[in-house]
Each structure stands twice: as C-alpha cells, then as structure tokens.
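Undergrad: Following this message is one structure expressed as structure tokens.
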Amino acid sequence: MVAKVNISLDAELVVEVMVLAGIGSPQDAIEAIVRDYIARGHRTEARTELKDQSLRELDVKPQDPQG
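Counting along the sequence shown from 1, when you hit position 59 you're at 59 in the UniProt record's numbering, and nothing is skipped either side.
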C-alpha cells in the first residue's frame, strides 16, 4: 500500500494546472505534474552523469605532447 498525503493548494493554481495538463480531476492533474517533474529530474541526472563520465574519460586519455 502506498502512503497518501493530503495538502491544500490555492484553487487558482490547481485550475491552471488542470487546464494546462488537460486533466479534469484536480487530484490527477497535480499527480501528473508531480510525476512529470520527477521524471524530468531523473532525465537531467542521467544526462549530467553521461556528460561527467565522458569528461572523465577525456581526462584519463593520454594527451598529445605539447610544445
């Protein structure tokens, strides 16, 4: 069973989210936005991790002699 949390939000904010998300239920609209926000964060972490990994690989490769 998943724990549930009840929160209060400004009605105008919730209506705006419902309109933007195209979802008629306030609960579903807010949940969709929160899930999207979390998924976006995970994608950003994955991209950042790949970039960091490729930068580390560049640092490890021997460099051409300079001079």
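Don't be surprised by glycine CBs; every beta carbon is placed ideally from N, CA and C.
Specify the secondary structure class of TYR51 as computed by DSSP and reduced to three states.
TA: A quick correction: the sequence has Lys, not Tyr, at residue 51. Three-state DSSP puts LYS51 in a helix.
Undergrad: Taking the alpha helix (DSSP H) that LEU13 belongs to, which residues open and close that run?
TA: Run containing LEU13: 11 to 21, per the alpha helix (DSSP H) assignment.
Undergrad: Please confirm whether ILE38 and VAL17 have their CB atoms less than 8 angstroms apart.
TA: Not closer than 8 angstroms, so no.
Undergrad: Leaving out five residues on either side along the sequence, give the residues of the same chain with a beta carbon under 7 angstroms from the beta carbon of ILE23.
TA: The answer, listed in chain order, is ALA29 and ALA32.
Undergrad: With distance defined between alpha-carbon atoms, name the residue in LEU20, GLN27 and MET1 nearest to ILE7.
TA: Looking at the Cα atoms, GLN27 is the closest of the given residues.
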